[in-house]
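Visitor: Mapping to this note's numbering: the sequence shown position 115 is 107, numbers consecutive.
Have a look at this one.
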Amino acid sequence: MVTGLLVGASDYYDALSDDDDTNDLSFDTVGVSAASKYVVEYTLNAPTPYFLSNLTYSPFLPVSQAYLDEQGTDFGASENNILVNGAFRITEHITENYIGYTKNETYWDAEHVYVNTVGKRFVPGTRTDSTLREWYEAGYIDAFSVNSNDEEGYATYVLGEDETGTIQNPADSNTNGVLSVGGATYIGYFNFVRENYEYSVAADNKDAAAKEATSEALLNVDFRLGFLYGLNILERLEYYNPEQPEQWLMRGYTIRELTAWDGKDYADYVDDVFNEEQGTTGVTLTGIEQGSDPIYDADKSADYFADAKAELLANGLTEADFPIQVDVIGSMSATVQAYETRMYDALEDASNGVIEIAYNIPQSDQQDSEWGYVVNNYDFSLWSGWGQIMQIHKHSFTQ
């Protein structure tokens, strides 16, 4: 989002991150300059219709050069090492627990900021369907979104005593009962260079032959296409919205109405390319528009897995190597696990014995994070994606 767009940015970054600092380049080689006191100019590698929306990404935010020089490597290390010019400033930060914001009295429009403090509380991976309701009832948070699987919470805060409340107009005004899309888009991805093998269940441990077989399989295009068409994502999304899971479905990062080019929505350009390549008409990758998953096809998945097995056998694997064990990071939430395992069970069934999913559940939030993006302890993962920081694992209250 930065190095791939700006002229010279990739070379500058590579030189700067090289252990041999003799190759460092001047920032003057990067395509950004101050044309005047209030104008910044960017030189791009190629025409980029979405670039203006890209400027909302944090690396493009301005910073005081004097303050940056003063802080050095401590810049951004804590809430005491940043400058802000917004309506609120971070005054407390406890990792995986709490972020506290306080009204910025020097904000240019402070007289129209009517909230004094805002807090975000971290929701642990061990949460249950009733966790947020219980926090609300204990006074830990000021409002919450009712989990549709929490029957007690739904009856109390959405339906109410007279049972006339609805999701759109819940009985409790502090209840957010409106079904909505999420604040982040998660993706499925493979680990082609796995080095770490940790397991919560000893029986899942792979021997050297199993590790090699999985590595070979992941490099096979048909094997990966089997995953693409065999994962019934709607099974997983029913956790968020049992009635309309497609409301949460995205087959790409870019939502509709984010950016347009020549009066045409970017999402429509993507749909055009997809339909042309697939030989289809009118299919949209935005689930909320399609009303269903345009990708999932168990029969097509089975065909790809069959082709993959034939190719892998021809290239040296044996029948003893099958099923291929694919390790995935499981959810720590018992409720979510039911939806995820149902999705993975269907994938196994579609493979007709080509794969076996090892559902590896972290034993703590810290281990969950380490497995997800530090040591990459998986073969396939739906762990990460793109969205607001702490968007999923938080809940807010105001004072």
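We put the beta carbon where it would ideally sit given N, CA and C, even for glycine.
Distance, Cα to Cα, E362 vs Y90?
Guide: Against the sequence shown, residue 362 aligns to sequence position 370. Against the sequence shown, residue 90 aligns to sequence position 98. Going by the C-alpha atoms only, they are around 20 Å apart.
Visitor: Decide if the region 336 to 354 is in contact with the region 214 to 224; the criterion is three or more beta carbon pairs, one per stretch, under 8 Å apart.
Guide: yes
Visitor: The beta strand (DSSP E) that contains T35, what's its start and end?
Guide: On the sequence shown, position 43 is the one that residue 35 refers to. Here T35 belongs to no beta strand (DSSP E), and DSSP marks it neither H nor E.
Visitor: Exposed or buried, Q57, counting other C-beta atoms within 10 Å across all chains shown (16 or more means buried)?
Guide: On the sequence shown, residue 57 is found 65 positions in, with the first residue counted as 1. So Q57 ends up on the exposed side.
Visitor: So for T327, helix, strand or coil by DSSP?
Guide: Here residue 327 is taken as the residue at index 335 of the sequence shown, counted from 1. Residue state, collapsed to three classes: helix.
Visitor: Can you tell which of N139, E155, R113 has the C-alpha that lies nearest to the C-alpha of G131?
Guide: Within the sequence shown, the letter at position 139 stands for residue 131. Nearest of N139, E155, R113 to G131, Cα basis: R113.
Visitor: Pick out whichever of E348, R334, A102, V213 has its Cα sitting closest to the Cα of N77.
Guide: Here residue 77 refers to the residue found at position 85 when the sequence shown is read from its first residue. Closest option to N77, Cα to Cα, is A102.
Visitor: Indicate the three-state DSSP secondary structure (helix, strand or coil) for A69 in the structure shown.
Guide: Counting from 1 along the sequence shown, the entry for residue 69 is found at position 77. Three-state result, A69: coil.
Visitor: Pick from I86, D16, L241, E62: whose alpha carbon is nearest that of E71?
Guide: One-based indexing of the sequence shown puts residue 71 at position 79. When only C-alpha atoms are compared, the closest one is I86.
Visitor: Rounded C-beta distance between A350 and V318? I'm assuming under 8 Å.
Guide: Within the sequence shown, the letter at position 358 stands for residue 350. Within the sequence shown, the letter at position 326 stands for residue 318. The beta-carbon distance between A350 and V318, rounded to whole angstroms, is 7 Å. This is short enough to meet the 8 Å contact definition.
Visitor: Just mark S28 as buried or exposed, buried being the case when its beta carbon has 16 or more other beta carbons within 10 Å.
Guide: Counting from 1 along the sequence shown, the entry for residue 28 is found at position 36. Here S28 is exposed: its Cβ has fewer than 16 other Cβ atoms, across all protein chains shown, within 10 Å.
Visitor: Tell me the DSSP secondary structure of Q236 in three-state form.
Guide: Here residue 236 corresponds to residue number 244 of the sequence shown, with the count starting at 1. Residue state, collapsed to three classes: coil.
Visitor: Identify the continuous beta strand (DSSP E) that holds N352 and give its terminal residues.
Guide: For the purposes of this step, residue 352 is identified with residue 360 of the sequence shown, where counting begins at 1. Here the beta strand (DSSP E) through N352 covers 347 to 352.
Visitor: Name the residue from F372, E303, T246, I353 whose alpha carbon lies nearest to the alpha carbon of Y42.
Guide: To locate residue 42, count along the sequence shown from 1; it is residue 50. For Y42, the nearest C-alpha among the options comes from T246.
Visitor: Please list, in chain order, all residues of the same chain as R228 whose beta carbon is under 7 Å from its beta carbon, the five residues on each side excluded.
Guide: Along the sequence shown, one-based indexing puts residue 228 at 236. Cβ neighbours of R228 beyond the five flanking positions: Y331, E332, M335.
Visitor: Taking a contact to mean a Cβ-Cβ separation below 7 Å, would you say S373 touches I321 in this structure?
Guide: For the purposes of this step, residue 373 is taken as the residue at position 381 of the sequence shown. For the purposes of this step, residue 321 is taken as the residue at position 329 of the sequence shown. Cβ atoms of S373 and I321: closer than 7 Å.
Visitor: Quick one: what does DSSP say L44 is sitting in, helix, strand or coil?
Guide: For the purposes of this step, residue 44 is taken as the residue at position 52 of the sequence shown. Correct three-state label for L44: helix.
Visitor: Would you mind stating whether N352 and Y191 have Cβ atoms separated by less than 7 Å?
Guide: By 1-based counting over the sequence shown, the position of residue 352 is 360. By 1-based counting over the sequence shown, the position of residue 191 is 199. Yes; because the gap between Cβ atoms is below 7 Å, this pair is in contact.
Visitor: Tell me, please, which residues DSSP counts as bridged to S373.
Guide: The sequence position of residue 373 within the sequence shown is 381, counting from 1. Paired residue(s): Y181.
Visitor: Mapping the DSSP letters down to three states, classify G255 as helix, strand or coil.
Guide: As a working note, residue 255 is residue 263 in the sequence shown. In the three-state DSSP reduction, G255 falls in the coil class, being neither helix nor strand.
Visitor: Please classify T272 as buried or exposed, where buried requires at least 16 neighbouring CB atoms within 10 angstroms.
Guide: Translated into the one-based positions of the sequence shown, residue 272 becomes position 280. When all chains shown are included, T272 counts as exposed.
Visitor: Tell me which same chain residues have a C-beta within less than 8 Å of the C-beta of D299, skipping the five on either side of it?
Guide: If you number the sequence shown from 1, residue 299 lands on position 307. Once the five neighbours on either side are set aside, the close Cβ partners of D299 are D214.
Visitor: Y93 bridges to which residues according to DSSP?
Guide: As a first step, residue 93 must be located in the sequence shown, where it is residue number 101. According to DSSP, Y93 bridges with I82, V110.
Visitor: I'd like the list of long-range same chain contacts for E126, defined as Cβ closer than 7 Å, with 5 residues on each side in sequence excluded.
Guide: For the purposes of this step, residue 126 is taken as residue 134 along the sequence shown, with counting starting at 1. Here the set comprises nothing.
Visitor: Under a Cβ-count criterion, where at least 16 other Cβ atoms within 10 Å of its own Cβ denotes burial, should S140 be classed as buried or exposed?
Guide: Here residue 140 is taken as the residue at index 148 of the sequence shown, counted from 1. When all chains shown are included, S140 counts as buried.
Visitor: Are the beta-carbon atoms belonging to L400 and A202 less than 7 Å from one another?
Guide: Outside the shown range of the chain, which is -7 to 391, sits residue 400, and nothing can be said about it.
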